[in-house]
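In the numbering used here, the protein residues as written are 2 to 220.
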């Protein structure tokens with residue numbers, strides 16, 4: 002037996018709130034025609050012909066969108082079935098961050114032993130423990146258990162007024178089709194624990210200069 006019920010509140014300008022209780026197709030729609038169309042769609046998402054076009058939630062607009070939270074934002078693709086658990090449940094995420102920090106700390110310690118400059122681990126650990134954990138400061142935490150992709154049709158910029166930390170538990174690959182510039186205002190330290198360093202130029206000269214000081218090579 003189908004238990005069907007639909008309630009719609011519509012204004013003369015076509016502002017709309019629709020609640021549909023058809024079993025297995027429950028959904029809510031809040032919509033305004035201003036500036037094109039802005040909508041919040043929840044549940045079994047349908048088009049104007051009542052054909053399914055998705056499920057879950059959709060927040061969309063033909064104008065601008067903004068998300069603002071004074072105390073912090075947590076974006077997660079981790080499961081929390083039937084809205085059970087704490088809103089800011091992030092213990093597993095913090096454990097992942099701390100685990101990677103521990104690995105990089107050991108690598109940094111080895112670099113120090115080899116007389117190379119270490120990583121600034123204190124700043125990284127403080128960010129996790131005193132700001133990110135439970136959003137105790139106005140920060141943004143994003144996490145997905147199987148991967149995150151960020152792409153742009155043109156430009157992509159990552160900027161930090163203070164520190165930029167990038168950690169990988171396995172490999173890191175950077176590919177650039179044309180030119181790559183690395184500029185360092187103070188010092189550059191490169192440390193490899195195992196397997197050495199290889200530098201190759203398929204065409205063109207390789208130039209290494211110490212323009213105002215000594216060049217030291219030690220084997």
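In this text, a Cβ means the ideal position worked out from N, Cα and C, and glycines have one as well.
8 Å Cβ shell around residue i - same chain, five flanking residues per side excluded
i	result
residue 163	124
residue 188	118
residue 173	167
residue 151	157
residue 4	Note that residue 4 scores 49 on pLDDT, short of 50, meaning its location in the model is unreliable; the coordinates nonetheless yield the value given after this. Excluding residues within five positions, the ones whose Cβ falls inside 8 Å are 22, 23, 24.
Exposed unless 16 or more other CB atoms sit within 10 angstroms - verdict on residue i
i	result
residue 2	The predicted position of residue 2 is uncertain, since its pLDDT is 35 and thus under 50; no value can be drawn from it.
residue 190	exposed
residue 109	buried
residue 98	buried
residue 181	exposed
residue 134	buried
residue 105	buried
residue 94	buried
Residues near residue i in its chain [Cβ-Cβ closer than 6 Å; skip 5 each side]
i	result
residue 215	none
residue 143	76
residue 86	none
residue 9	19
residue 31	18, 41
residue 6	22
Proximity below 8 Å, CB of residue i to CB of residue j
i	j	result
residue 128	residue 170	no
residue 23	residue 42	no
residue 121	residue 194	no
residue 74	residue 141	yes
residue 38	residue 63	yes
residue 192	residue 115	yes
Proximal residues to residue i (C-beta, below 7 Å), its chain only, five neighbours per side dropped
i	result
residue 72	136, 139
residue 130	none
residue 26	45
residue 79	144, 146
residue 15	34
First and last residue of the uninterrupted beta strand (DSSP E) at residue i
i	result
residue 53	53-62
residue 75	74-77
residue 221	Any question about residue 221 goes unanswered here, given that the chain covers just 2 to 220.
residue 18	17-21
residue 143	141-144
residue 45	39-47
residue 8	7-11
Closer than 8 Å to chain C by CB, residue i
i	result
residue 113	Among the chains of the structure shown, chain C does not appear; only one protein chain is present.
Going along the chain, which unbroken runs of the alpha helix (DSSP H) with 4 or more residues stay wholly within the stretch 109-133?
122-128
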